[in-house]
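Below is one structure, written out as structure tokens, with a few remarks after it.
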Amino acid sequence: MTRPCSPSQEAFARGVASGLSQAEAYRRAYPRSQKWKADAVHQAASRLMGVYQVSARVKELQGLAAEAAVLDKAKVLREVAMLAHSDIAGIVDENGRIKLPNELDPVTRAAVKSFKIDEDGRIEYQFWDKRASLDMAMKHLGLYELDNKQKVDPLAELLGTLKGNVVGPVAQEGKG
1 MTRPCSPSQE AFARGVASGL SQAEAYRRAY PRSQKWKADA VHQAASRLMG VYQVSARVKE
61 LQGLAAEAAV LDKAKVLREV AMLAHSDIAG IVDENGRIKL PNELDPVTRA AVKSFKIDED
121 GRIEYQFWDK RASLDMAMKH LGLYELDNKQ KVDPLAELLG TLKGNVVGPV AQEGKG
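Here's what the structure looks like:
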């Protein structure tokens, strides 16, 4: 087991993992180095990066940042599907009363872009564009490609029927 980084080493590792140069991360983690010559800072930062627990911590922090930045494709597709399948009738209960936002089921809640409650307690909902989510779903499923293949391009169809059987212009007798 490696020993934990010191507070200054941790600050350096966080700086490097966040995208700072090693020298800049070193200057921030060790403020007294700001008076040093650039070459001395570069050498000290390089040595510190060579310390196993520091370089391991940088890799760990970079990995955590990468995981946080990556969108989960399945989750995004579930959200698109939820919106595509949403039914805004879910905002009304069985007695015809408009539900409060916290009373909405997850599928209806996903369709809500925003809401306002006025001073009289009336709720006004604004919904996401369902057509846009259906469009995204159709693109993902390749349904537009299938539709485009059904369209006929007259020139491509003519060239396809000729299949290389074109000889070229032929001079007619008595002319030319």
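Anchor point for the sequence shown: position 37 equals 37 in the working numbering, and the numbering is continuous, going up by one each time.
Glycine included, C-beta positions come from ideal geometry on N, C-alpha and C.
These numbers were taken from a predicted model, which means no experiment stands behind them.
Decide if the segment 29-48 is in contact with the segment 68-80; the criterion is three or more beta carbon pairs, one per stretch, under 8 Å apart. no
Note the first and the last residue of the continuous beta strand (DSSP E) segment covering Tyr30. Position 30 of the sequence shown holds residue 30. Counting along the chain, Tyr30 falls outside any beta strand (DSSP E), and DSSP gives it neither H nor E.
Whole angstroms are fine: how far does the CA of Ala84 sit from the CA of Asp93? Within the sequence shown, the letter at position 93 stands for residue 93. Within the sequence shown, the letter at position 84 stands for residue 84. Straight-line Cα distance between these residues: approximately 21 Å.
Which residues does DSSP list as the beta-bridge partners of Val92? Along the sequence shown, one-based indexing puts residue 92 at 92. Paired residues: Ile98.
With DSSP collapsed to three states, give me the class of Lys37. Sequence index remark: in the sequence shown, residue 37 carries index 37 (1-based). Of the three classes helix, strand and coil, the one that applies to Lys37 here is coil, per DSSP.
Here's the rule: buried if 16 or more other CB atoms are within 10 angstroms of the residue's CB, otherwise exposed. What is Arg122? The residue given as residue 122 occupies position 122 in the sequence shown. Burial call: exposed.
Classify Ala69: buried if its beta carbon has 16 or more other beta carbons within 10 angstroms, exposed otherwise. Taking the first residue of the sequence shown as position 1, residue 69 is located at position 69. With fewer than 16 Cβ atoms within 10 Å of its Cβ, Ala69 is classed as exposed.
Between Pro4, Ser8 and Ser18, which has its C-alpha nearest Ala65's C-alpha? In the sequence shown, residue 65 corresponds to position 65, counting from 1. Looking at the Cα atoms, Ser18 is the closest of the given residues.
Could you tell me the distance, in whole angstroms, from the CA atom of Pro31 to the CA atom of Tyr52? Counted from its first residue, the sequence shown places residue 31 at position 31. Counted from its first residue, the sequence shown places residue 52 at position 52. Spanning the two alpha carbons is a distance of roughly 22 Å.
May I ask which residues mark the beginning and end of the alpha helix (DSSP H) holding Ser133? Taking the first residue of the sequence shown as position 1, residue 133 is located at position 133. In the DSSP assignment, Ser133 falls within the alpha helix (DSSP H) that extends over Lys130 to Leu141.
Below 8 Å on the Cβ atoms is my contact criterion, and I expect Ala23 with Ala45 to pass it. Report the Cβ-Cβ distance as a whole number of Å. Taking the sequence shown and counting its residues from 1, the one referred to as residue 23 is at position 23. Taking the sequence shown and counting its residues from 1, the one referred to as residue 45 is at position 45. About 5 Å separates the two Cβ atoms, so the contact holds.
Buried or exposed (CB count within 10 angstroms, at least 16 for buried), Ser86: Looking up residue 86 in the sequence shown gives position 86. When all chains shown are included, Ser86 counts as buried.
Can you tell me which of Asp135, Met82 and Thr161 puts its alpha carbon nearest to the alpha carbon of Thr108? Position 108 of the sequence shown holds residue 108. Checked all of Asp135, Met82 and Thr161; the closest Cα to Thr108 is Met82.
I need the straight-line Cα distance from Lys130 to Ala56, nearest angstrom please. In the sequence shown, counting from the first residue as 1, residue 130 sits at position 130. In the sequence shown, counting from the first residue as 1, residue 56 sits at position 56. The straight-line gap from Cα to Cα measures roughly 46 Å.
DSSP state of Gln126 mapped onto helix, strand, coil: Taking the sequence shown and counting its residues from 1, one reaches residue 126 at position 126. DSSP places Gln126 in strand when its eight states are reduced to three.
Tell me the rounded alpha-carbon separation between Lys59 and Val16. For the purposes of this step, residue 59 is taken as the residue at position 59 of the sequence shown. For the purposes of this step, residue 16 is taken as the residue at position 16 of the sequence shown. The straight-line gap from Cα to Cα measures roughly 10 Å.
Member of Tyr26, Gly63 and Ala13 whose CA lies at the smallest distance from the CA of Val54: Here residue 54 corresponds to residue number 54 of the sequence shown, with the count starting at 1. Cα-wise, what sits closest to Val54 is Ala13.
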